[in-house]
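Student:
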Amino acid sequence: MSLVIDVMSGGVRGGTSIMYAALGETVSERAGVINLGTEGSMLVGALSAYAVSVETGSPWLGALAAAVAGGALAGLHAYLVVVRRASQFASGFSMLFLALGLTSLFGAAYVGKQVVGFDQWHVPVLSRIPGVGPVLFQHDPLLYLSYVLVPLLWWMLFRTRIGLLLRTAGERADSLTVHGYSVTTMRVGAVTAGGMLAGLGGAHLSIAYANAWFENMVSGRGFIAVALVIFAVWSPLRVMGGAYLFGMAIALGPALQARGYQWNQFALDAIPFVLTLVVLAVLGRRTLSSSPAELKRVFENAAPS
Amino acid sequence: MTTSTAPAEVVELPTVRRAPGRAARLLPLVLRWVGAVAAALAIFSVLLVVKGADPLDAYAQMWSSTFQRSRSVQEIFVQMTPLVLGALAVAVPARAGLTNVGGEGQIIVGAVAACGTFLAFGDQVSVGVLQLLMVLAGMLAGALWAGLAATLRLVAGVNEAISTLLLNFVALDLLLFLIYQPWRESSTAQPATRELADAAKLPVLTAGSRVHVGIVFALVLVVLVQVALTRTRWGFRISVAGGNAEAARRAGMNVAILVLSALMVGGALAGLAGMIQFSGVEYKLRPGFGNQLGYTAFLACWLARHKPFPIVLTAFVFAALSVSADSLQLDSGVPAASIDVLTALVLIAVLGFTANRKVSRA
């Protein structure tokens, strides 16, 4: 029984950084731009959060810095692909390399430094509910923030004017122009906002989850987030469930090992990617038909003719 | 400018245009390229100054240690080999209108297959047979890995850019799975497989050098791919299928076979890159194997506009940048990985610059 609780609690904790990044990617892709630099935004976010927390002693300032840094990197991607119309794949990978290099250049000084990260804070009353409490309510504030963020983001995307405009930029950009709105503004805004969320995901990793900084610490979580957005069929609510599911798959190995079972972690690490491929294969054209229309054009035109 | 949302590639005109006054139009082009690279170097200089290194000194050291030491020059050729093959693996599917982001995974499974062949048959067959089997296994594994993505596209309509990207991580986890348990040489040492027998390692070109015959394979394949793409019926057909699948279908071509073959040839090239990297450089599988070779190769191919001959140049540049990183670490005391910043800045400058050219042309 406690194994189940451990795995679920670990899944929520470990899945949160992925969820932040995937929520950001959802916003970006809903506006018609795929950002493979999400991994990069998480990396610069993780380092900025760590460095600012070390220097100021305030994890909240660290999280803020992470959002700014992640947003800045995504903003550069947005400028290149939306304004300069560069290849979205080439630009995304360039962002990844830029982030790898920058964090290695400026991160070396912070390896092994002590940080004041987010404290665990047990929610009164709720955290004492058997089963639910340890899984959902014995974590850090940045994680609780995501509980608020997910419904808020859903509401913004599907119930507000700005959400409608954003989705129109991803579905029928032409009609946005016809009504006098700027597709460029909507997309740059969406991609930048998405990068800020990815930066927060990096912050959760470095100052709430691991409380450490080391080179390339994101190690593929940004790409899990890209997979998750497809897995969740571009819906913030399903992103949340998927993030916990993927997080649990990853948390299962350590939990088993702590109980003396030998388990090869890497078979579990592949689960998010295999699951996403299976979903794609089973739903097939149905998944694609529910993807933002302008995003499909990105894929169809990705290779030069 | 505001309405069309397709990426810039679709408006690309045929690049070979011998209109009069070509030289006159080439000059601003060259100037902008120089400007792009200079801007990248300038920004990187600022970062170096922030980190307390002298940029001019660092560049001078990077240049001299990279191009004036024969060891470094050899290292460039060693490192550009998988990049050339990995970039070809992107170029062939691109001809058919397909985006192969999966070079990374195809390189890894190629190396895994080569290593597995060695572990399974290394003691039973002669060296020549073993090497041949390793080449075949590597290419087959890469082709099947890419074929998986092609099948998903043909059967379920899954876009190959997504599936090849996802398969990269499955391949990486497969590699780690194997070297942490079933293929691990010793449970006490660092996780790695048994080292390839000396006789089965790829021979070097001249005694005492590090350059192995892989570079020859790579350059021969550049020519072969160029010929296959531009001089054969298959090359013509995949470019028709890539340009307009419906037209190809009406002309009686089997588009499914063309899509499958283009991606699988690409995968086979990447698989060969993995096999060569394993038996020419690494000799054993380790956790860091591959190290984003596939993504670098993707960018090298993109920078070469998906054309085989320019790939040689872009792969050389990326390899030289990577070799110069050692000098950055040793002479300037800056982490070697920060060379990624310079690589990315050059790419970003070029990305901004080429896009503008296309918009103004369209």
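These protein sequence lines are chains A and B, in that order.
Sequential numbering from 1 applies to the first sequence in our numbering.
Sequential numbering from 1001 applies to the second sequence in our numbering.
The beta carbon of each residue, even a glycine, is placed where N, CA and C say it ideally should be.
Thinking C-beta only, is Leu1328 of chain B closer than 8 Å to Met1139 of chain B?
Tutor: no
Student: Taking 8 Å as the threshold, find out whether the segment 71-83 of chain A comes into contact with the segment 222-239 of chain A through three or more Cβ pairs.
Tutor: no
Student: Answer yes or no: do Ser94 of chain A and Leu1293 of chain B have a C-beta to C-beta separation smaller than 8 Å?
Tutor: no
Student: Can you tell me which of A:Gln265, A:Ile18, A:Ser219 puts its alpha carbon nearest to the alpha carbon of Gly1288 of chain B?
Tutor: A:Ser219
Student: Under the assumption that Met19 of chain A contacts Ala243 of chain A (Cβ atoms under 8 Å), give the Cβ distance between them as a whole number of angstroms.
Tutor: 3 Å
Student: Please report the straight-line C-alpha distance between Asp6 of chain A and Val132 of chain A, rounded to a whole angstrom.
Tutor: Spanning the two alpha carbons is a distance of roughly 11 Å.
Student: Run through DSSP, which three-state label would Gln120 of chain A get?
Tutor: coil
Student: Report yes if the C-beta distance between Gly1242 of chain B and Ala1096 of chain B is below 8 Å; otherwise report no.
Tutor: yes
Student: Does the beta carbon of Ser220 of chain A come closer than 8 Å to any beta carbon on chain B?
Tutor: Note that residue 220 of chain A is Gly in the sequence shown, not Ser. Yes, because at least one Cβ of chain B sits closer than 8 Å to the Cβ of Gly220 of chain A.
Student: Decide if Trp1302 of chain B is buried, meaning its Cβ has at least 16 other Cβ atoms within 10 Å, or exposed.
Tutor: buried
Student: Buried or exposed: Asp269 of chain A, going by 16 or more other Cβ atoms within 10 Å of its Cβ?
Tutor: buried
Student: Identify each residue in the segment 85-106 of chain A for which the Cβ-Cβ distance to at least one residue of chain B is less than 9 Å, and report them in chain order.
Tutor: Arg85, Ala86, Ser87, Gln88, Phe89, Ala90, Ser91, Phe93, Ser94, Met95, Leu96, Phe97, Leu98, Ala99, Leu100, Gly101, Leu102, Thr103, Ser104, Leu105, Phe106
Student: Do Phe89 of chain A and Ala1161 of chain B come within 8 Å of each other at the CB atom, strictly closer than that value?
Tutor: yes
Student: Distance, Cα to Cα, Thr1144 of chain B vs Ile271 of chain A?
Tutor: The sequence shown places Leu at residue 1144 of chain B, not Thr. Going by the C-alpha atoms only, they are around 20 Å apart.
Student: Quick one: list the residues of chain A neighbouring Gln1061 of chain B, beta-carbon separation under 7 Å, in chain order.
Tutor: Residues of chain A whose Cβ lies closer than 7 Å to the Cβ of Gln1061 of chain B do not exist, since the nearest Cβ in that chain is about 17 Å away.
Student: What are the start and end residues of each continuous alpha helix (DSSP H) run of 4 or more residues lying completely inside the segment 1039-1093 of chain B, in chain order?
Tutor: 1055-1067
Student: Please determine, among A:Gly45, A:Ser17, A:Phe97, the residue with the shortest C-alpha to C-alpha distance to Val1341 of chain B.
Tutor: A:Phe97
Student: When the distance is taken between beta carbons, is Leu23 of chain A closer than 8 Å to Val44 of chain A?
Tutor: no
Student: Closest to Gly1214 of chain B by C-alpha separation, out of B:Thr1081, B:Ala1251, B:Val1073, B:Ala1349, would be which residue?
Tutor: B:Thr1081
Student: If Ala63 of chain A sits next to Leu200 of chain A, beta carbons under 8 Å apart, how far is it from one beta carbon to the other, in whole angstroms?
Tutor: Right, the Cβ-Cβ distance comes to about 6 Å (below 8 Å), so this counts as a contact.
Student: Pull up the distance between the alpha-carbon of Phe106 of chain A and that of Tyr50 of chain A, whole angstroms please.
Tutor: 11 Å
Student: What are the boundary residues of the alpha helix (DSSP H) that Gly71 of chain A is part of?
Tutor: 59-78
Student: Comparing C-alpha positions only, which one of B:Val1050, B:Ile1257, B:Ala1111 sits nearest to Leu1269 of chain B?
Tutor: Ranking B:Val1050, B:Ile1257, B:Ala1111 by Cα distance to Leu1269 of chain B puts B:Ala1111 first.
Student: Mind pulling the chain A residues with CB within less than 9 Å of Asp1057 of chain B?
Tutor: Among the residues of chain A, none has a CB under 9 Å from the CB of Asp1057 of chain B; the nearest is roughly 17 Å distant.
Student: Could you give the DSSP three-state label for Val148 of chain A: helix, strand or coil?
Tutor: helix
Student: Please list, in chain order, the chain A residues whose beta carbon lies closer than 7 Å to that of Pro1335 of chain B.
Tutor: Ser104, Leu105, Ala108
Student: Measure the alpha-carbon distance for Val3 of chain A versus Ser1187 of chain B and round it to whole angstroms.
Tutor: A quick correction: the sequence has Leu, not Val, at residue 3 of chain A. Pairing Leu3 of chain A with Ser1187 of chain B, the inter-Cα distance amounts to about 27 Å.
Student: Decide if Lys113 of chain A is buried, meaning its Cβ has at least 16 other Cβ atoms within 10 Å, or exposed.
Tutor: exposed
Student: Are there 16 or more other CB atoms within 10 angstroms of the CB of Leu1085 of chain B, so buried, or fewer, so exposed?
Tutor: Counting C-beta atoms within 10 angstroms of its own C-beta, Leu1085 of chain B has 16 or more neighbours from the protein chains shown and is therefore classed as buried.
Student: Buried or exposed for Ala303 of chain A, please, with buried defined as at least 16 other CB atoms from any protein chain shown within 10 angstroms of its CB.
Tutor: Since pLDDT at Ala303 of chain A reaches only 40, below the 50 mark, its modelled position is unreliable, and the value read off the structure follows with that caveat. Classification of Ala303 of chain A: buried, given that the 10 Å Cβ count is 16 or more.
Student: On the DSSP letters alone, give me the boundaries of the alpha helix (DSSP H) that Pro1310 of chain B sits inside.
Tutor: 1308-1332
Student: Taking 7 Å as the limit between beta carbons, can you name the residues of its chain near Val123 of chain A, skipping five residues before and five after?
Tutor: Phe137
Student: Can you list, in chain order, the residues of its chain whose CB lies under 6 Å from that of Val1359 of chain B, leaving out five sequence neighbours each side?
Tutor: Confidence in Val1359 of chain B is poor, its pLDDT being 40 and thus under 50, which makes the residue's placement unreliable; the coordinate value appears in the next sentence. Closer than 6 Å at the Cβ level, and outside the excluded window around Val1359 of chain B, lies no residue.
Student: Output the distance between the C-alpha atoms of Thr1073 of chain B and Ala1089 of chain B, rounded to the nearest integer angstrom.
Tutor: In the sequence as presented, Thr is not what sits at residue 1073 of chain B; that position holds Val. Answer to the nearest angstrom: the Cα atoms are 25 Å apart.
Student: Report the option in B:Glu1282, B:Ala1150, B:Leu1175 whose CA atom is closest to the CA atom of Gly1105 of chain B.
Tutor: B:Leu1175
Student: For Leu1345 of chain B, which residues from the same chain have a beta carbon less than 7 Å from its beta carbon, with the 5 sequence-adjacent residues on both sides left out?
Tutor: Ala1040, Ile1043, Phe1044
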